[in-house]
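Undergrad: My structure is below; once you've seen it, I'll send some questions.
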Amino acid sequence: VKANQGLALQRLTRHRKHISDQIVKEKAYVLNNIFLKFSALTTKNGLDNPFSNEFGATAVAILEEYKSPEEIINSSVEDLASFISQSSKNRFDDSKKVAETLQKCARASFRLDKAAYDPINTAISSSLSILRCYEAELKHIDKEIENLIKGYLSEEYTCLRSIPGIGPVMAAGILSEIGS
Numbered sequence: 001v002k003a004n005q006g007l008a009l010q011r012l013t014r015h016r017k018h019i020s021d022q023i024v025k026e027k028a029y030v031l032n033n034i035f036l037k038f039s040a041l042t043t044k045n046g047l048d049n050p051f052s053n054e055f056g057a058t059a060v061a062i063l064e065e066y067k068s069p070e071e072i073i074n075s076s077v078e079d080l081a082s083f084i085s086q087s088s089k090n091r092f093d094d095s096k097k098v099a100e101t102l103q104k105c106a107r108a109s110f111r112l113d114k115a116a117y118d119p120i121n122t123a124i125s126s127s128l129s130i131l132r133c134y135e136a137e138l139k140h141i142d143k144e145i146e147n148l149i150k151g152y153l154s155e156e157y158t159c160l161r162s163i164p165g166i167g168p169v170m171a172a173g174i175l176s177e178i179g180s
């Protein structure tokens with residue numbers, strides 16, 4: 001039974017690695033399209049970036065709602081701040097400052113021909129949808145791994161978990177590959 005459990009755990013942890021690799025590839029791909037749409041949002045150009053994470057909820061909401069930097073520039077600071085406040089669930093201390101920074105980034109971004117924005121927005125939206133799917137799968141797989149590891153090499157598992165930085169999934173992966 002232990003050998004079967006080890007093989008099952010190995011298949012699941014390897015599949016998790018595959019999904020994780022796909023997430024990394026998809027993020028790199030979508031960042032290229034985000035750069036085309038809104039170059040100053042992804043580059044270090046002397047401007048403050050309004051978001052610490054291009055894949056955070058508020059940044060994604062901005063990318064999906066505003067079809068071009070022009071739409072951000074043409075929005076009032078108050079409307080933009082309201083949208084940011086709503087999208088972030090009031091997590092920013094000063095939504096107006098974030099809105100102003102976002103408009104500065106929009107002004108500093110390269111401009112494309114208007115015809116280019118629709119296909120780029122479609123690609124970004126598709127990639128973000130794929131990422132949401134992969135991330136949901138990753139959570140599901142993590143739960144399955146945690147259920148499968150129960151009772152399998154429990155002393156070794158406990159020992160690995162005592163090491164700072166090694167969580168349940170990493171410990172399960174190590175045990176599935178090298179065993180006891």
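For the record, in the sequence shown the residue sitting at position 82 is 82 according to this note's numbering, with numbers rising by one throughout. Even glycine gets a Cβ: it sits at the ideal position worked out from N, Cα and C.
Since Ile174 and Leu160 are thought to touch, with beta carbons under 8 angstroms apart, how far apart are those beta carbons, to the nearest angstrom?
TA: Going by Cβ atoms, the distance from Ile174 to Leu160 rounds to 6 angstroms, so yes, they are a contact pair.
Undergrad: Measure the CB-CB distance between Ile124 and Val30 and report whether it falls below 8 angstroms.
TA: Yes, the pair counts as a contact, with Cβ atoms nearer than the cut-off.
Undergrad: By the three-class DSSP mapping on this structure, what secondary structure does Asp188 have?
TA: This structure leaves residue 188 out entirely; the chain is present only between 1 and 180.
Undergrad: Could you pull the start and end residues of the alpha helix (DSSP H) that Arg11 belongs to?
TA: Where Arg11 is concerned, the enclosing alpha helix (DSSP H) stretches over 2-37.
Undergrad: My output table needs one value for Leu153: the three-state DSSP class, helix, strand or coil.
TA: Residue state, collapsed to three classes: coil.
Undergrad: Please work out which residues of its chain come closer than 6 angstroms, Cβ to Cβ, to Phe92, disregarding the five sequence neighbours upstream and downstream, and give them in chain order.
TA: Contacts found: Val98.
Undergrad: The alpha helix (DSSP H) that contains Arg107, what's its start and end?
TA: Note, Arg107: alpha helix (DSSP H), 95-108.
Undergrad: Looking at Ser82: is its Cβ nearer than 8 angstroms to the Cβ of Thr58?
TA: Cβ distance not < 8 angstroms, so Ser82 and Thr58 don't count as in contact.
Undergrad: Below 8 angstroms between beta carbons: does that hold for Lys37 and Ile120?
TA: Their beta carbons are under 8 angstroms apart, which means Lys37 touches Ile120 by this criterion.
Undergrad: Is the separation between the beta-carbon of Glu146 and that of Pro164 shorter than 8 angstroms?
TA: No, Cβ-Cβ distance for Glu146 and Pro164 is not below 8 angstroms.
Undergrad: Just tell me which of Phe55, Leu102, Leu138 has its CA closest to the CA of His18.
TA: Checked all of Phe55, Leu102, Leu138; the closest Cα to His18 is Leu138.
Undergrad: Excluding the 5 residues preceding and the 5 following Asp142 in the sequence, name in chain order all residues of the same chain whose CB lies nearer than 6 angstroms to its CB.
TA: Once the five neighbours on either side are set aside, the close Cβ partners of Asp142 are Val169.
Undergrad: Mind checking whether Leu148 and Leu9 have CB atoms under 8 angstroms apart?
TA: It is a contact, given that the beta carbons lie within the stated cut-off.
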